[in-house]
Amino acid sequence: AQSVSQHNHHVILSEAASLELGCNYSYGGTVNLFWYVQYPGQHLQLLLKYFSGDPLVKGIKGFEAEFIKSKFSFNLRKPSVQWSDTAEYFCAVKYSSGGSYIPTFGRGTSLIVHP
Amino acid sequence: DGGITQSPKYLFRKEGQNVTLSCEQNLNHDAMYWYRQDPGQGLRLIYYSQIVNDFQKGDIAEGYSVSREKKESFPLTVTSAQKNPTAFYLCASSIVGGANVLTFGAGSRLTVL
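The listed protein sequences correspond, in order, to chains C and V.
First residue of the first sequence: 444, per my numbering; consecutive thereafter.
First residue of the second sequence: 14, per my numbering; consecutive thereafter.
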């Protein structure tokens, strides 16, 4: 079965620390990759996405993610976090083969940034 | 503004009662989805629909039912058969194919008393 693993369930950082959240997926075919973010009290929204081309993808608010096909990974990074980055982060994968258009979500990572 | 409206935002239900959660979108998206969000379990797919009058079960459809009579609307009924219905429910929509980026509603929090 297709699956998405997020290795860090809870992350606590101080402002200005660097962030890396891990995401691995189980299938080796063609994939579309996403990171969504849910700020406290707000809608779940798209942070960034990868479809093809440059494996280093830049998103909103200084976030970026790198697709490493050989490692089936799509880790999210930010060089210097802010208190306002406190949120829950979800990795999602859409597998292009098999005719499915439904993305599979990871379990999420709760990030708390202390001022 | 285009978007997804979910109602009610908070709902309390007694055991044994059915409850229906509303989801309306004005994005002209063909596909609509219902997810359940529980702490530490991420988003789990309940039902999805690609076209009017057609829908498919997701990973955790037992105890839930849906309808898709209009393109804009995809209500979810949580039935008394759902063993553990207390949760946060998210509705989403997207185009079919291509990017398939999901647009989410604000969610409905259901508490069974």
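Beta carbons: idealized from backbone N, C-alpha and C, even for Gly.
It should be emphasised that the depicted structure is a prediction, and the values quoted were computed from it without experimental measurement.
{"query": "C-beta neighbour in chain V for C:Phe548, strict 7 Å", "result": "yes"}
{"query": "Contacts of V:Gln54 in chain C (Cβ-Cβ under 9 Å)", "result": "Arg550, Gly551"}
{"query": "Whole-Å CB distance - V:Thr92 paired with V:Tyr102, under 8 Å assumed", "result": "Actually they are not in contact, since the Cβ atoms of V:Thr92 and V:Tyr102 sit about 13 Å apart, beyond 8 Å."}
{"query": "Host beta strand (DSSP E) of V:Phe101 (start-end)", "result": "100 to 107"}
{"query": "Backbone CA spacing between C:Trp526 and V:Asp51 [nearest angstrom]", "result": "24 Å"}
{"query": "7 Å Cβ cutoff, V:Phe87 in contact with chain C", "result": "no"}
{"query": "Bridge partners - C:Lys512, DSSP secondary structure assignment", "result": "Answer is none; C:Lys512 lacks a bridge partner."}
{"query": "C:Lys537 (DSSP reduced to helix, strand or coil)", "result": "strand"}
{"query": "Residues sharing a beta bridge with V:Arg49, DSSP", "result": "V:Arg57, V:Tyr102"}
{"query": "For C:Ile555, three-class secondary structure by DSSP", "result": "strand"}
{"query": "Neighbour flag for V:Ala100 against chain C, beta carbons, 7 Å", "result": "no"}
{"query": "Proximity test, Cβ basis, 7 Å: V:Asn113 and chain C", "result": "yes"}
{"query": "Continuous beta strand (DSSP E) assignments of at least 3 residues falling wholly in the stretch 455 to 538 of chain C", "result": "462 to 464, 474 to 481, 487 to 493, 499 to 501, 507 to 511, 516 to 521, 530 to 538"}
{"query": "Exposure label - C:Leu490; buried when at least 16 CB within 10 Å", "result": "buried"}
{"query": "C:His486 at chain V interface by Cβ criterion, 7 Å", "result": "yes"}
{"query": "Straight-line gap, V:Val114 to C:Pro522 (C-alpha atoms, nearest Å)", "result": "26 Å"}
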